[in-house]
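There are 2 protein chains.
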Amino acid sequence: MAARPTFKRLPRAVREQQMLDAAVKVFSRRGFHAASMDEIAEDAGISKPMVYAYLGSKEALFIECVRREGTRMMEAIVAVVEPGLPPDEQLWRGLRAFFGFVGAHRDGWAVLYRQARGQQPFAGELGAIRSRMVEVISGLLGRAVRAQGREIREKDLEAFAYALVGATESLADWLADHPDEDPAKTATRMMNVAWLGAGQLLRGEVWRPWSGDSARAAGAA
Amino acid sequence: MAARPTFKRLPRAVREQQMLDAAVKVFSRRGFHAASMDEIAEDAGISKPMVYAYLGSKEALFIECVRREGTRMMEAIVAVVEPGLPPDEQLWRGLRAFFGFVGAHRDGWAVLYRQARGQQPFAGELGAIRSRMVEVISGLLGRAVRAQGREIREKDLEAFAYALVGATESLADWLADHPDEDPAKTATRMMNVAWLGAGQLLRGEVWRPWSGDSARAAGAA
DNA sequence: GCGTAACGTTACGGGCGAGTAGGTATGCTC
DNA sequence: GAGCATACCTACTCGCCCGTAACGTTACGC
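Which chain is which? The protein sequence lines are A and B, in order. FYI, in numbering that gives the first Met the number 0 the residues of the first sequence are 0 to 220. FYI, in numbering that gives the first Met the number 0 the residues of the second sequence are 0 to 220.
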């Protein structure tokens, strides 16, 4: 044998994570179809049949990537959102966690989700994650509305939440394309859209981050 | 030869449109990669080499699809938005035209754009269209803000517009997935998000369509 | 220390689909 | 009605890349 350090034997769980890391990277850079299993394997420092042995197929591998990243993202969000807080603070915390996550996984996130949106086999997987987010947001808003004794149709709520999710994803793309932007500031921007809307913007109202518990929307200029 | 009605000879311009129609349909149903040139050709009632003779390559064909649909969409919008009207009415008109267009091209729009978002070669093409929309919206809002003697940073404006475009696209997807929904009503929903925001929603404020020129946001309940 | 199961490899099959070569028919021009 | 451009076809080539068969090698249990 050559000088090759044969210390490479690693347990399955470790290898699987390495493969997923490599897969996320390559899928991100090339897109699902343009990515080749050979490149992923090489990037993971392993040979192709191992990938098949552990993850099954290209499609399964991609789904696993989406699932892992999606789960991590959801965990990052739910970790900071505590029910019981006022709705705008919950929203703010969630957004800050979300953009923080995207900022930390710049290459990972955006392109992976940009990929999954289109391809039919994965629309379901991505749709499930988006559905959870829509649920969370519409639940949050719905409870807040009803807590004030008001009525609102479920479908209106769903559409509203859907739009907010879309806006947030869109700003995430924007963030991924502007590497010098600050995630927290992007979250603030999103808060201005989600909470205040264009009408308030024209009236000079601005939403500012929570510095403790007071200081909501600063009044008109 | 056989009984085949040989009356099929058509001028190039006509055939090109037929090919594009077929391509939009097939790309929509299958996605860019899964779509085969054979299927597109068959659907257009022509043979594959003709497609290559006229449109060049699969990639060029797809780009042409995006460009055509995008142009049509932009035309539908700019046809109804007249500068000089108050900003919220301009926004409302634009949104109504947009959702009307999407509703009328349900299969076309959503999936075509869902496709183009991911695939790298086309991101540019789609990005150009999105940029125009961002420009239009940020221009609209920027003028309105400055008309009131207020200042606003260009980047804030851009991010705001970007978020609105994302929200709108997201609701367009929603509309495409809910065939029984009314485009105009969806536009109204979007208006509630864009103009009022969640804060007003909680206060019971609702945005209602223009019936002529009066009747802006209906006051609190 | 030896069997065995888990880790790992090299090298190939084979399908699918983009793109093309080369040839035929039709209609327009003058 | 000859000539020419344009519309149109059948039948291929060929490369890429997913997935696998068949075969080594390390470490762990007992």
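Glycine included, every Cβ here is placed at the ideal spot set by N, Cα and C.
> Quick one: Cα of alanine 22 of chain B to Cα of alanine 12 of chain B, how far?
Replying inline: Translated into positions along the second sequence, residue 22 of chain B becomes position 23. Translated into positions along the second sequence, residue 12 of chain B becomes position 13. Each residue's alpha carbon lies about 15 Å from the other.
>> With a threshold of 9 Å between beta-carbons, can tryptophan 108 of chain B be considered close to chain A, or not?
In response: Numbered from its first residue, the second sequence carries residue 108 of chain B at position 109. Chain A places no beta carbon closer than 9 Å to that of tryptophan 108 of chain B, leaving this residue out of the contacts.
>> What does DSSP give as the partner residue(s) for proline 82 of chain B in the beta ladder?
In response: Translated into positions along the second sequence, residue 82 of chain B becomes position 83. Answer is B/Leu84, bridged to proline 82 of chain B.
>> Tell me which residues of the region 166-183 of chain A have at least one Cβ-Cβ distance to chain B shorter than 7 Å, keeping chain order.
In response: Closer than 7 Å at the C-beta level to chain B, one finds these residues of the region 166-183 of chain A: Ala166, Glu168, Ser169, Leu170 and Trp173.
> For the alpha helix (DSSP H) that contains valine 50 of chain B, what are its first and last residues?
Replying inline: By one-based count along the second sequence, residue 50 of chain B stands at place 51. Element bounds for valine 50 of chain B: 47-54.
> If you measure from the beta carbon of methionine 18 of chain B to each beta carbon in chain A, is any gap under 9 Å?
Replying inline: The residue given as residue 18 of chain B occupies position 19 in the second sequence. Taking 9 Å as the threshold, the shortest C-beta distance from methionine 18 of chain B to chain A does not fall below it.
> alanine 193 of chain B versus chain A: which residues are under 7 Å apart at the beta carbon?
Replying inline: Here the question's residue 193 of chain B lines up with position 194 in the second sequence. For alanine 193 of chain B, the residues of chain A that pass the 7 Å Cβ criterion are Gly196 and Ala197, in the order they occur in the chain.
> Taking a cut of 7 Å between CB atoms, which residues from the region 27-42 of chain B lie near chain A?
Replying inline: If the cut-off is 7 Å between Cβ atoms, the region 27-42 of chain B has Gly30 and His32 near chain A.
> arginine 116 of chain B to glutamate 204 of chain A, Cα distance in whole Å?
Replying inline: For the purposes of this step, residue 116 of chain B is taken as the residue at position 117 of the second sequence. For the purposes of this step, residue 204 of chain A is taken as the residue at position 205 of the first sequence. About 33 Å.
> Measuring CB to CB, does valine 25 of chain B end up less than 9 Å from isoleucine 45 of chain B?
Replying inline: One-based indexing of the second sequence puts residue 25 of chain B at position 26. One-based indexing of the second sequence puts residue 45 of chain B at position 46. Cβ atoms of valine 25 of chain B and isoleucine 45 of chain B: not closer than 9 Å.
>> Can you pull the chain A neighbours of methionine 132 of chain B, defined as C-beta to C-beta under 7 Å?
In response: As a position in the second sequence, residue 132 of chain B is number 133, starting the count at 1. Within chain A, no residue comes near methionine 132 of chain B; the closest Cβ sits about 11 Å away, beyond 7 Å.
> Is there a Cβ from chain A that is less than 9 Å from the Cβ of methionine 189 of chain B?
Replying inline: The residue given as residue 189 of chain B occupies position 190 in the second sequence. For methionine 189 of chain B, a Cβ of chain A is located within less than 9 Å of the residue's own Cβ.
> Does DSSP put glutamine 118 of chain B in a helix, in a strand, or in coil?
Replying inline: Sequence index remark: in the second sequence, residue 118 of chain B carries index 119 (1-based). In the structure shown, glutamine 118 of chain B sits in coil (DSSP, three-state: anything other than H, G, I, E or B).
>> Tell me the residue span of the alpha helix (DSSP H) that contains valine 13 of chain B.
In response: Translated into the one-based positions of the second sequence, residue 13 of chain B becomes position 14. Here the alpha helix (DSSP H) through valine 13 of chain B covers 11-29.
>> Distance check for serine 35 of chain B and proline 10 of chain A, CA to CA, integer angstroms please.
In response: For the purposes of this step, residue 10 of chain A is identified with residue 11 of the first sequence, where counting begins at 1. For the purposes of this step, residue 35 of chain B is identified with residue 36 of the second sequence, where counting begins at 1. CA-to-CA, the gap between proline 10 of chain A and serine 35 of chain B works out to about 42 Å.
> Given a limit of 7 Å on CB to CB distance, which residues of the region 65-82 of chain B reach chain A?
Replying inline: Within the region 65-82 of chain B, no residue has a Cβ that lies closer than 7 Å to any Cβ of chain A.
> Is DSSP giving proline 178 of chain A helix, strand or coil here?
Replying inline: Counting from 1 along the first sequence, the entry for residue 178 of chain A is found at position 179. Residue state, collapsed to three classes: coil.
>> For glutamine 118 of chain B, would you say it is in contact with chain A, using Cβ-to-Cβ distances shorter than 9 Å as the test?
In response: Stepping through the second sequence from its first residue, residue 118 of chain B is reached at position 119. Yes, its Cβ sits closer than 9 Å to a Cβ of chain A.
>> Does the structure place the region 89-99 of chain A close enough to the region 176-190 of chain A that three or more beta carbon pairs sit under 8 Å?
In response: Verdict: yes, contact present.
> Are the Cβ atoms of glutamate 153 of chain A and glycine 141 of chain A separated by less than 9 Å?
Replying inline: Your numbering for residue 153 of chain A matches position 154 in the first sequence. Your numbering for residue 141 of chain A matches position 142 in the first sequence. Taking 9 Å as the Cβ cut-off, glutamate 153 of chain A and glycine 141 of chain A qualify as a contacting pair.
> In chain A, which residues lie less than 7 Å from valine 164 of chain B when you measure between Cβ atoms?
Replying inline: Position 165 of the second sequence, counting from 1, holds the residue named residue 164 of chain B. Neighbours of valine 164 of chain B in chain A, taken as residues at a C-beta separation under 7 Å, are given in chain order as Ser169.
> Whole-angstrom Cβ separation of alanine 96 of chain B and isoleucine 76 of chain B, contact assumed at under 8 Å?
Replying inline: On the second sequence, residue 96 of chain B is found 97 positions in, with the first residue counted as 1. On the second sequence, residue 76 of chain B is found 77 positions in, with the first residue counted as 1. Sure, about 5 Å apart at Cβ, within 8 Å.
>> Against chain B, with Cβ distances strictly below 9 Å, would arginine 149 of chain A count as a contact?
In response: Numbered from its first residue, the first sequence carries residue 149 of chain A at position 150. True, the Cβ-Cβ gap to chain B drops below 9 Å.
>> Determine, for arginine 8 of chain B, whether the minimum Cβ-Cβ distance to residues of chain A falls below 9 Å.
In response: For the purposes of this step, residue 8 of chain B is taken as the residue at position 9 of the second sequence. Taking Cβ atoms only, chain A never reaches closer than 9 Å to arginine 8 of chain B, which makes this a no.
> Skipping 5 residues on each side, what residues in its chain have a beta carbon closer than 8 Å to that of lysine 8 of chain A?
Replying inline: Along the first sequence, one-based indexing puts residue 8 of chain A at 9. Going by the sequence as given, residue 8 of chain A is arginine instead of lysine. Cβ neighbours of arginine 8 of chain A beyond the five flanking positions: none.
>> So, for leucine 19 of chain B: in the same chain, excluding its five sequence neighbours on each side, which residues have a beta-carbon less than 7 Å away from its beta-carbon?
In response: Walking along the second sequence from the start, residue 19 of chain B turns up at place 20. Within the same chain, Glu63, Cys64 and Arg67 come within 7 Å of leucine 19 of chain B by CB-CB distance, once the 5 residues on both sides are set aside.
>> Just to confirm the assignment, what range does the alpha helix (DSSP H) spanning leucine 60 of chain A have?
In response: As a first step, residue 60 of chain A is located in the first sequence; it is residue number 61 there, counting from the start. Per DSSP, leucine 60 of chain A belongs to the alpha helix (DSSP H) from 57-77.
> Going by the beta-carbon positions, is the gap between alanine 190 of chain B and tryptophan 173 of chain B smaller than 9 Å?
Replying inline: Position 191 of the second sequence, counting from 1, holds the residue named residue 190 of chain B. Position 174 of the second sequence, counting from 1, holds the residue named residue 173 of chain B. Going by the sequence as given, residue 190 of chain B is methionine instead of alanine. For the 9 Å CB-CB criterion, methionine 190 of chain B and tryptophan 173 of chain B do not form a contact.
>> Between A/Gly138, A/Leu139, A/Arg14 and A/Ala109, which has its C-alpha nearest leucine 125 of chain A's C-alpha?
In response: Looking up residue 125 of chain A in the first sequence gives position 126. A check of alpha carbon separations from leucine 125 of chain A across A/Gly138, A/Leu139, A/Arg14 and A/Ala109 identifies A/Ala109 as the nearest.
> If you run the structure through DSSP and keep just helix, strand and coil, what is isoleucine 151 of chain B?
Replying inline: On the second sequence, residue 151 of chain B is found 152 positions in, with the first residue counted as 1. Collapsing the DSSP output to three states places isoleucine 151 of chain B in coil.
> Could you give the residue range of the alpha helix (DSSP H) that holds alanine 40 of chain A?
Replying inline: Walking along the first sequence from the start, residue 40 of chain A turns up at place 41. DSSP places alanine 40 of chain A in the uninterrupted alpha helix (DSSP H) bounded by 36-42.
> Sorted by chain position, which residues of the same chain lie with C-beta nearer than 8 Å to glutamate 168 of chain B's C-beta, five sequence neighbours on each side aside?
Replying inline: The residue given as residue 168 of chain B occupies position 169 in the second sequence. Excluding sequence neighbours, glutamate 168 of chain B sits near Tyr112.
>> Out of A/Ala175, A/Gly99 and A/Gly30, which one is the CA nearest neighbour of glutamate 58 of chain A?
In response: Residue numbering aside, residue 58 of chain A sits at position 59 when the first sequence is read from its first letter. That would be A/Gly30, whose Cα lies nearest to the Cα of glutamate 58 of chain A.
> Hey, phenylalanine 159 of chain A and leucine 163 of chain B are a contact pair by Cβ (cut 8 Å); roughly how many whole angstroms apart?
Replying inline: Taking the first residue of the first sequence as 1, we reach residue 159 of chain A at position 160. Taking the first residue of the second sequence as 1, we reach residue 163 of chain B at position 164. Not a contact, Cβ separation roughly 14 Å.
> Along chain A, which residues have their Cβ under 8 Å away from the Cβ of leucine 84 of chain B?
Replying inline: The count along the second sequence starts at 1 and reaches residue 84 of chain B at position 85. Neighbours of leucine 84 of chain B on chain A: none; closest Cβ ~14 Å, over 8 Å.
> Which chain B residues are close to alanine 158 of chain A, counting only those with a beta carbon under 8 Å from its beta carbon?
Replying inline: Looking up residue 158 of chain A in the first sequence gives position 159. Within 8 Å Cβ-Cβ: Leu170, Trp173, Thr185 and Arg188.
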